[in-house]
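Trainee:
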Ligand code: ADP
Ligand code: GLC
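Residue numbers (this note's numbering): 625 to 1111.
Here it is in structure tokens:
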């Protein structure tokens, strides 16, 4: 199957979150399964294309925007570490900036940047004479791809048989655009914008709605999130459209690229280990603590709870703020955080780091290396999310025998199962209601197991035996694509 995947993020070139990991892992796996994927990404200035083996081609694209044509240079390479062709769209007016979406605030012309990119995707296929069976777009940034496929390119011989599949990674980011600008840039008539039209929500253009309405099939990244978003609480205003399109909506659980996240050959961690040598995990913890100057027995024996996350309201940081200081004060556990985002949360963690040195490790910023070290060295991984479309870090943690403590929502509910000592089953600890007492009760159950040698070993073995490989996600997407093609 010929698959054209359009995305605003791709690991390891441009990443703010899990979207990048998935848009890289899926095509690599499709290729292994005998399909023919290509990936299209903007050429941002935040990565050095030469470092990853990309070269400029002498192909110039002519991209229709409003009543004129804009130009883009095409770069060619592969998704690093694979043989999947990857094309970069170079237009320095749009993408030569020090962020992907903004820094720190969203760029004011994100409407124009991403509409341009979404349109360029078709021009790439045309110059390459690549006839996609499916175009797979991700999140609001590439939602207009779905609209273009069904309008401007509908009768283009290259795309007459092409299906459009739109994947929702996070409903909270919708791309609200000024209608006059957005429809003009996208070469639609202002007459296409009226209350209730496929472009409109609350008087503005809503890109997420565009993706949902124009796609042949809609997927989201876990079965539970696919159910949740039909309700007001999780729907972020999109629930009516998602229900209208309910027959075409399905959840496909994300998966892990175990060539990047596996304690057996992880190049970032202190000591490699696997399920048979699980005792070596402890050496990672010791070395991690040592790197912080902590070597006494008390330090080494206390559990470490780790978090690697964007610091946003989604991730439940406000719940944690109710309890964390109390636990640090009581010396219940050590806490390790790697994250960046909301200034309010950054200040809170910096304050704790100042007040409780040696009990909490805080690294504000982005670091692949520290992410791997925390996942391998911690005893628990904490994710008290308010909502979580899928969540990848808990799946990574499981492979490392690092036990997730999570709120039971979205993909967390599909991957983490309560450890029941009587049955010796389960891989983590969960709470259901979004409140700090329930969260704390899950933490206390987790700590109890930590201090029981037999159960502690058992829960780690259980965790490490789960397989959330991207292979099965990739296969399911192919089924969705076939469904979209009416096969
Ligand atoms: P989301 O996409 O909502 O942020 P996911 O769990 O799907 O959540 O994916 C997060 C990804 O981003 C993971 O690969 C995680 O390791 C990575 N990540 C998050 N914050 C950081 C950070 N500060 N430094 C390095 N990696 C990070
Ligand atoms: C989003 C979600 C996260 C999901 C990721 C990849 O950023 O917040 O839960 O795992 O996309 O699909």
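Cβ atoms here follow ideal geometry from the backbone N, Cα and C, with glycine treated the same way. Quick caveat, the model's predicted, so the values are computed rather than measured.
1. Figure out for me which residue from 810, 1085, 827 has the closest Cα to the Cα of residue 692.
2. Given a threshold of 16 other Cβ atoms within 10 Å of its Cβ, counted over all protein chains shown, does residue 1065 qualify as buried or as exposed?
3. Under the assumption that residue 1052 contacts residue 1040 (Cβ atoms under 8 Å), give the Cβ distance between them as a whole number of angstroms.
4. Measure the CB-CB distance between residue 932 and residue 999 and report whether it falls below 8 Å.
5. I'd like to know if the segment 913-931 and the segment 949-965 are in contact, where contact means that at least 3 CB-CB pairs between them fall below 8 Å.
6. Hey, could you find the ends of the alpha helix (DSSP H) residue 865 is sitting in?
7. Beta-carbon within less than 7 Å of residue 633's beta-carbon, same chain only, minus the 5 sequence neighbours each way: which residues are those?
8. Cβ of residue 794 versus every heavy atom of the ligand GLC: is any distance shorter than 7 Å?
9. Are residue 1130 and residue 1014 touching if we call contact CB-CB under 8 Å?
10. Considering only their Cβ atoms, is the gap separating residue 997 from residue 897 smaller than 8 Å?
11. Can you look up residue 744 in the DSSP assignment and give me helix, strand or coil?
12. Tell me the start and end of each unbroken beta strand (DSSP E) in the segment 656-689 that is at least 3 residues and wholly inside, in chain order.
13. For residue 1022 and residue 1088, which I take to be in contact (beta-carbon distance under 8 Å), what is that distance rounded to the nearest angstrom?
14. State yes or no: is the C-beta of residue 653 nearer than 7 Å to some heavy atom of the ligand GLC?
15. If you run the structure through DSSP and keep just helix, strand and coil, what is residue 843?
16. Is the closest heavy atom of the ligand ADP to the C-beta of residue 707 under 7 Å?
17. Please report the straight-line C-alpha distance between residue 849 and residue 682, rounded to a whole angstrom.
18. In the DSSP assignment, what residue or residues form a beta bridge with residue 822?
19. When you measure from the CB of residue 1002 to every non-hydrogen atom of the ligand ADP, does any distance come out below 7 Å?
20. Near residue 802, what residues of its chain come up, given a Cβ to Cβ distance below 8 Å and the 5 sequence neighbours on each side ignored?
21. Does DSSP put residue 835 in a helix, in a strand, or in coil?
22. Three or more C-beta pairs under 8 Å: does that hold for the segment 696-706 against the segment 665-679?
23. Please list the terminal residues of the continuous beta strand (DSSP E) segment that includes residue 1041.
24. Quick check on this structure: which residue in 668, 717, 1081 has the alpha carbon closest to the alpha carbon of residue 905?
25. If you draw a straight line from the alpha carbon of residue 972 to that of residue 956, how long is it in whole angstroms?
26. Short of 7 Å in beta carbon distance, which residues of its chain neighbour residue 907, apart from the five on each side in sequence? Order them along the chain.
27. Measure the CB-CB distance between residue 704 and residue 636 and report whether it falls below 8 Å.
28. For a minimum of 3 consecutive residues, which ranges assigned as the beta strand (DSSP E) are wholly contained in the segment 1018-1106?
29. For the ligand GLC, I want to know if residue 683 counts as a neighbour, meaning its beta carbon is within less than 7 Å of at least one of the ligand's heavy atoms.
30. Here's a check: name, in chain order, each residue in its chain whose Cβ is nearer than 6 Å to the Cβ of residue 715, leaving out the five neighbours to either side.
31. Which residues mark the beginning and the end of the beta strand (DSSP E) in which residue 954 is found?
Mentor: The structure says:
1. Looking up residue 692 in the chain shown gives position 68. When only C-alpha atoms are compared, the closest one is 810.
2. Counting from one through the chain shown, the residue named residue 1065 turns up at place 441. The residue is exposed, with fewer than 16 neighbouring Cβ atoms inside 10 Å.
3. On the chain shown, residue 1052 is found 428 positions in, with the first residue counted as 1. On the chain shown, residue 1040 is found 416 positions in, with the first residue counted as 1. That belief holds up - the Cβ atoms of residue 1052 and residue 1040 are roughly 4 Å apart, short of 8 Å.
4. Taking the first residue of the chain shown as 1, we reach residue 932 at position 308. Taking the first residue of the chain shown as 1, we reach residue 999 at position 375. Yes, the pair counts as a contact, with Cβ atoms nearer than the cut-off.
5. The segment 913-931 is in contact with the segment 949-965.
6. Your numbering for residue 865 matches position 241 in the chain shown. First-last of the alpha helix (DSSP H) with residue 865: 863-868.
7. What you label residue 633 is simply residue 9 of the chain shown in a count that begins at 1. 639, 640, 643, 644, 647, 724.
8. Within the chain shown, residue 794 is the residue found at index 170, counting from 1. Indeed, a heavy atom of the ligand GLC lies less than 7 Å from the Cβ.
9. There is simply no residue 1130 to check, as the chain begins at 625 and stops at 1111 in what is shown.
10. As a first step, residue 897 must be located in the chain shown, where it is residue number 273. As a first step, residue 997 must be located in the chain shown, where it is residue number 373. No. Outside cutoff.
11. Residue 744 sits at position 120 when you count from the first residue of the chain shown. Helix.
12. Taking only runs of at least 3 residues, the beta strand (DSSP E) segments lying wholly in the segment 656-689 are 660-666, 679-689.
13. Translated into the one-based positions of the chain shown, residue 1022 becomes position 398. Translated into the one-based positions of the chain shown, residue 1088 becomes position 464. Taking a contact as a CB-CB distance under 8 Å, the pair residue 1022 and residue 1088 counts as one, their CB atoms being some 7 Å apart.
14. Position 29 of the chain shown, counting from 1, holds the residue named residue 653. In this structure, residue 653 has its beta carbon at no less than 7 Å from each heavy atom of the ligand GLC.
15. Within the chain shown, numbered from 1, the residue matching residue 843 stands at position 219. DSSP, reduced to helix, strand and coil, places residue 843 within a strand of the structure shown.
16. As a first step, residue 707 is located in the chain shown; it is residue number 83 there, counting from the start. Residue 707 has its Cβ no nearer than 7 Å to any heavy atom of the ligand ADP.
17. As a first step, residue 849 must be located in the chain shown, where it is residue number 225. As a first step, residue 682 must be located in the chain shown, where it is residue number 58. Near 43 Å, if we compare the C-alpha coordinates of residue 682 and residue 849.
18. Along the chain shown, one-based indexing puts residue 822 at 198. Residue 822 is not bridged to any residue.
19. For this step, residue 1002 is matched to residue 378 along the chain shown. No.
20. By one-based count along the chain shown, residue 802 stands at place 178. Around residue 802: 735, 828, 829.
21. Taking the chain shown and counting its residues from 1, one reaches residue 835 at position 211. In this structure, residue 835 counts as helix in the three-state DSSP scheme.
22. Yes, the segment 696-706 touches the segment 665-679.
23. Locating residue 1041 in the chain shown gives position 417, counting from the first residue. Premise fails: residue 1041 is in no beta strand (DSSP E) and is neither H nor E.
24. Here residue 905 refers to the residue found at position 281 when the chain shown is read from its first residue. For residue 905, the nearest C-alpha among the options comes from 1081.
25. Start at 1 with the first residue of the chain shown, and residue 972 comes out as number 348. Start at 1 with the first residue of the chain shown, and residue 956 comes out as number 332. So the two alpha carbons sit approximately 19 Å from each other.
26. Stepping through the chain shown from its first residue, residue 907 is reached at position 283. Taken in chain order, the residues that qualify are 894, 895.
27. One-based indexing of the chain shown puts residue 704 at position 80. One-based indexing of the chain shown puts residue 636 at position 12. The Cβ atoms of residue 704 and residue 636 lie closer than 8 Å to each other.
28. Here the runs fully enclosed are 1027-1031, 1053-1055.
29. In the chain shown, counting from the first residue as 1, residue 683 sits at position 59. Checking every heavy atom of the ligand GLC against the Cβ of residue 683, none is found closer than 7 Å.
30. Here residue 715 refers to the residue found at position 91 of the chain shown. Only 696 meet the Cβ criterion.
31. Mapped onto the chain shown, residue 954 falls at position 330. That residue, residue 954, is in no beta strand (DSSP E); it is neither H nor E in DSSP.
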